[in-house]
Amino acid sequence: MFFYLSFLRQPPQSVSESISSNGKGNSLQSVEVTLTPQIANDLRITYLDEAIEIFYSWFRVPSPSKSSNDNNITFNLRSFESMEPKMKLTTWHISSMYKALPVPLPHTARRGQEWRLALFCEREPSSLSPSNSLLNSVIIDLTEEKLGNLPFPVISMPIKIGDNSNIPAISLKKAKGKTNTSVKNSGKNTSLQTVKQSQIERFYSILSLSSVSGSSTNPVIPVDITGLDNQPIVICVREDTSFDLDKKIWDSGLMLSSWLSKLFISSNTQMSGGSNPLKNRIWERISISRNWDPEDKKTSRTSVLELGCGTGIVSICFASLLNCLASNQSGQQLEIIATDLGSAIPIIDHNISANKHAYPLVDIKSLILDWDNDTLPPETARPFDFVVMADVTYNTASFPSLVRTICNLVKYDHVLDTATPVHHPYRPYILMAYKQRDHAERSLWDMLGERGIVLTLIDKITAQCGGKGSDFSYGIPWSSIFTLTEGHLEIPLIRRNQSVRDVTWLQNQAARLRSKYGSSTTSPRTIKRSTQQQQQQQPPGSGTNQLINQNSDSSYYGSIAVGTPPVSFNVILDTGSSDLWLVGDDGNCDICDDNGGGDGSGGFTASASSTFRNLSEPFRITYGSGEATGTLGQDIVTMAGFQVNGQTFAVCNDMSSNLLFEPVMGLMGLAFQSIATSRAYPFWQTLAQAGALTESLFSFFLTRFAGDTHAGSDEPGGSFTLGATNSSLYTGEIEYLPLPEGLESYWILTLDSLTIQDSNIPLPSGSASFAAIDTGTTLIGGPQSLIEDIFAKIPGSAPGTGDIESYYTYPCATEISISLSFGGRTWSIEPVDFMLMAINEDTCVGAFFALENQGSVPAWIIGDTFLKNVYSVFRYDPPSVGFASLSGVAKTFAVSGGSLPTPTFAMNPAIATVRANNAIDQNLVHTPSSPSLLVWLLR
-17 MFFYLSFLRQ
-7 PPQSVSESIS
3 SNGKGNSLQS
13 VEVTLTPQIA
23 NDLRITYLDE
33 AIEIFYSWFR
43 VPSPSKSSND
53 NNITFNLRSF
63 ESMEPKMKLT
73 TWHISSMYKA
83 LPVPLPHTAR
93 RGQEWRLALF
103 CEREPSSLSP
113 SNSLLNSVII
123 DLTEEKLGNL
133 PFPVISMPIK
143 IGDNSNIPAI
153 SLKKAKGKTN
163 TSVKNSGKNT
173 SLQTVKQSQI
183 ERFYSILSLS
193 SVSGSSTNPV
203 IPVDITGLDN
213 QPIVICVRED
223 TSFDLDKKIW
233 DSGLMLSSWL
243 SKLFISSNTQ
253 MSGGSNPLKN
263 RIWERISISR
273 NWDPEDKKTS
283 RTSVLELGCG
293 TGIVSICFAS
303 LLNCLASNQS
313 GQQLEIIATD
323 LGSAIPIIDH
333 NISANKHAYP
343 LVDIKSLILD
353 WDNDTLPPET
363 ARPFDFVVMA
373 DVTYNTASFP
383 SLVRTICNLV
393 KYDHVLDTAT
403 PVHHPYRPYI
413 LMAYKQRDHA
423 ERSLWDMLGE
433 RGIVLTLIDK
443 ITAQCGGKGS
453 DFSYGIPWSS
463 IFTLTEGHLE
473 IPLIRRNQSV
483 RDVTWLQNQA
493 ARLRSKYGSS
503 TTSPRTIKRS
513 TQQQQQQQPP
523 GSGTNQLINQ
533 NSDSSYYGSI
543 AVGTPPVSFN
553 VILDTGSSDL
563 WLVGDDGNCD
573 ICDDNGGGDG
583 SGGFTASASS
593 TFRNLSEPFR
603 ITYGSGEATG
613 TLGQDIVTMA
623 GFQVNGQTFA
633 VCNDMSSNLL
643 FEPVMGLMGL
653 AFQSIATSRA
663 YPFWQTLAQA
673 GALTESLFSF
683 FLTRFAGDTH
693 AGSDEPGGSF
703 TLGATNSSLY
713 TGEIEYLPLP
723 EGLESYWILT
733 LDSLTIQDSN
743 IPLPSGSASF
753 AAIDTGTTLI
763 GGPQSLIEDI
773 FAKIPGSAPG
783 TGDIESYYTY
793 PCATEISISL
803 SFGGRTWSIE
813 PVDFMLMAIN
823 EDTCVGAFFA
833 LENQGSVPAW
843 IIGDTFLKNV
853 YSVFRYDPPS
863 VGFASLSGVA
873 KTFAVSGGSL
883 PTPTFAMNPA
893 IATVRANNAI
903 DQNLVHTPSS
913 PSLLVWLLR
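Going by this note's numbering, the residue at position 80 of the sequence shown is 62; the numbering climbs one at a time, nothing skipped.
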């Protein structure tokens, strides 16, 4: 796994000094650019968990008039010659990853100029340019033996230095939401920064002259190919900074580019792949262009097609290598087709055009190719020497379409006689780089094998930063002379305790649900919505807390930080209640006995926090499986980058056993204040009423590990996002459904229809079909008579008795098809989610549970059995719940043994700091936010 430097908070497109009160501008030397660096993996979900120094350097774009010429890579490289001396920006720590940092402009900056900013970690001088270690630090050498031993550097797009007449000053009161204008206060000097950049670039060196030259007087590569004498071929790859992962560099694509470069160097010198016969075979196919004969029509063309090329880095690297072998004779055809979905084509086209200097003899074209289409574009109706793929295995649901596409490309979809010549000129080699995230991805090997395409391992590379590397396989269609070498594909997994579900677990789940909605000590109160928000001093923001999936989808918990100094606690995130409570450290707490420590695992210690205030009010919450009692207090609470001063919560020093399971130490209610036992406003509602959120909502994505026999007790759980939605985790539009008017208590929707095994279950109208959408509940609970009707449609089902009373059993061999609608679209529940647990080999327990509600609580409780199947959004204004279909990216995150989150700690500065109602006396402070971004803090 590689790590990449990037910007969590993007630099501005332009910057200027502001006008002072006397009408004069400050000097440019006082102007600062504000940014937040990030060091993360290719998916931007795993953060580097070690301290490392980050440096920066400015370099000037020589001419503003030429800077718009994105195709001139030589010009971009020449600009490196003006690099300013490096300066230390910060020391990276996960605990301070959200911190906004000021970067002063270089002292030589002048109005009208454009400058670029490079971030990098220090490198030792290398063969790239021994005399210029700074250049080594900002250009990634793909031929480096220890590729990725430091996080990869990043370079901003040009930042225009303007005067205040070029950039209109926008009032902060008007700069809400979509206006990305911010002011940096630094004593009496201020700078005005405009719209944030949305793209970055990275520079890569592919080959050095000494590696490919026969002699200094007869080089294979023209001396002036890069515009820098005696320097390697350098390419520039642009990436988007949006949530669209297809427009970013992925590990396998980068490693395949590096592998090709190293293969070229070793083979160009030795004219072979060394002792590896498979490498030799690939090199022979690549080097056809060197032995080109105008009279031999069979070898007059070298064609490559890349599937799912993303930014195009592999195609660009391949083209650069082919160009080095080309003879520049009339009639020779060297071509590469870079394919992907239409959304990726603009950035692919840019990168192809910007790097044309590296392959003047090779023709690269982009092409929209959707694997889901049954027919291929006519441009692919030709023979190819190579079909190349990297990072195509992350979405296992796409495998049938991918296999069909590959088979259509090679024009065969069945196993041919193995006597068919392997080296048929127009039978493509399939070259694939692969980094395993989930063992289920290996099913692609079997699916291709059934069609006669056998993938054979030819190499394995281990990344230097993080340990996990990529396997390189190449397939020869119609041949089974090689077998897959399984022994070289072992990936170490994090070991955790195996998750357990038994009858006791079933009893606890049932008791908790009955008590939660059947024995409430607090009735919903009438909502009086606040129309007056707390004063805003800066734009609102958003942030995300990564979740952990406990006991195969039984519950989902995140982390908060409480007190001064802040201590982290794991808490269940529960939209079915409204109180925040934590286990205390000095009472009857079974789970605390095993976890003494200063990290919150031993319970909340009131005396250890200098900002805690004891309210001396009793608190008691009852569950069917036990109860928790304690007293109310107030303190600083931080979550997802937001801080609430004086948040009321309960410290429970007497708690029944089996109420929580370590390492969970509390519960955060996310419903409305009207049902809070403490009568305090929940954390999220305080932020929403204060106008601290970019959007007055929060959203959930929950992973699924039900049915995964390899899952441990704790696995990656998804994400909880405050103030935003993450478009990379869902597809299509979010369907919002309003809460019944005046019932802002639970998150209530009306269950409009329910279908099981293609049969519709008649439902009553009105409040008799009200349903609470509850992330804190595993099951789906409903009226006894309707649960009976549901299971009546399943042959062989029966009501549970004894320990599993109120549940229903059914034959495990029966695949259940069930769907719900709340007045709009119909949402299906996966069969594996309906199957709560197996009692024996033949009998399973269903996740729908008979619940006789009392009082004013909803008739239905819709828990995680349903919510795992959708992206869910809980909106404050107007009050509503939204659902959307999960994206392919979201479905890749449920990988057993994956990295788990690090604890939440307070961040300085916080995205927003507000004061809770009836809180300790604190001043409202609200600092600038980072962009709406999914933030996953991982080990």
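No residue lacks a Cβ here, since even glycine has one placed at the ideal position from N, Cα and C. This structure is a prediction, so every number in the text was calculated from the model and none was measured.
Taking all protein chains shown into account, do 16 or more other C-beta atoms lie within 10 angstroms of the C-beta of residue i, making it buried, or fewer, making it exposed?
i	result
Q(-8)	buried
T387	buried
S861	Going by the sequence as given, residue 861 is Pro instead of Ser. Label assigned to P861: buried.
T18	buried
I298	buried
S119	buried
Q766	exposed
D567	buried
Q179	buried
N23	buried
E677	buried
S502	With a pLDDT of only 41 at S502, under 50, the local geometry of the prediction cannot be trusted, and the value read off the model is given with reservation. It is buried - the Cβ of S502 has at least 16 other Cβ atoms within 10 Å.
T73	exposed
S425	exposed
Going straight from the alpha carbon of residue i to that of residue j, what length do you get?
i	j	result
E317	P698	43 Å
A33	T223	24 Å
M79	V485	44 Å
T611	R686	32 Å
D740	S799	7 Å
G694	R857	33 Å
V814	D535	11 Å
T927	C291	The requested residue 927 does not occur in the structure, where the chain is confined to residues -17 to 921.
G870	T321	19 Å
P746	A841	11 Å
L669	P547	22 Å
N851	I554	19 Å
T713	W666	26 Å
N635	I295	57 Å
L833	G764	5 Å
K417	Q491	38 Å
N627	F865	32 Å
Y663	P720	21 Å
Thinking C-alpha only, which one of the options is nearest residue i?
i	options	result
F683	I295, S550, L711, I657	L711
S239	S(-4), D373, F816, D322	D373
E823	V852, W74, T791, S678	T791
H625	A543, F601, I603	For the record, residue 625 in the displayed sequence is Gln; it is not His. Among A543, F601, I603, the Cα nearest to that of Q625 is on A543.
N289	I215, T375, V344, R267	Looking at the sequence itself, residue 289 is Leu, so the reference to Asn does not match. Closest by alpha carbon: T375.
K142	Y789, N742, G94, T808	G94
E66	N742, Q(-5), S77, P88	P88
S560	L242, G864, T587, Q629	Q629
N131	Y(-14), N527, H332, D556	Y(-14)
E221	S302, Q616, I334, L117	I334
R26	S(-2), M(-17), V385	M(-17)
V896	G623, S(-2), F594, E715	G623
F246	S234, L562, N262	N262
What distance in whole Å lies between the Cβ atoms of residue j and residue i, which are believed to be in contact at a cut-off of 8 Å?
i	j	result
I762	G700	Not really, about 19 Å apart at Cβ, beyond 8 Å.
L564	G651	In fact, because the Cβ distance is near 12 Å, the residues do not count as touching under 8 Å.
I122	P133	Rounded, the Cβ-Cβ distance is 10 Å, inconsistent with contact.
I786	L768	Contact flag wrong, Cβ pair sits at about 19 Å.
Y789	G778	In fact, because the Cβ distance is near 15 Å, the residues do not count as touching under 8 Å.
L30	K68	Incorrect: roughly 20 Å between the Cβ atoms, too far for contact.
S854	S681	7 Å
N531	S541	Their Cβ separation, rounded to whole angstroms, is 14 Å, which puts N531 and S541 out of contact at 8 Å.
With a threshold of 8 Å, establish whether the CB of residue i neighbours any heavy atom of the ligand MN.
i	result
G615	Summarising the ligand content, the structure contains no ligands, and the ligand MN is consequently not present.
Quick one: complete beta strand (DSSP E) runs, 3+ long, within the segment 671 to 727?
Fully enclosed beta strand (DSSP E) runs of 3 or longer: 679 to 684, 696 to 704, 712 to 720.
Of all the beta strand (DSSP E) runs that stay within the bounds of the segment 809 to 881, which reach a length of 3 or more residues?
With a minimum length of 3 residues, the continuous beta strand (DSSP E) runs that stay inside the segment 809 to 881 are 817 to 820, 825 to 828, 830 to 832, 842 to 844, 853 to 857, 862 to 868.
Residue ranges of each beta strand (DSSP E) run of no fewer than 3 residues wholly in the segment 594 to 643, ordered along the chain?
The beta strand (DSSP E) runs lying completely inside the segment 594 to 643 and spanning 3 residues or more are 595 to 605, 608 to 621, 624 to 637, given in chain order.
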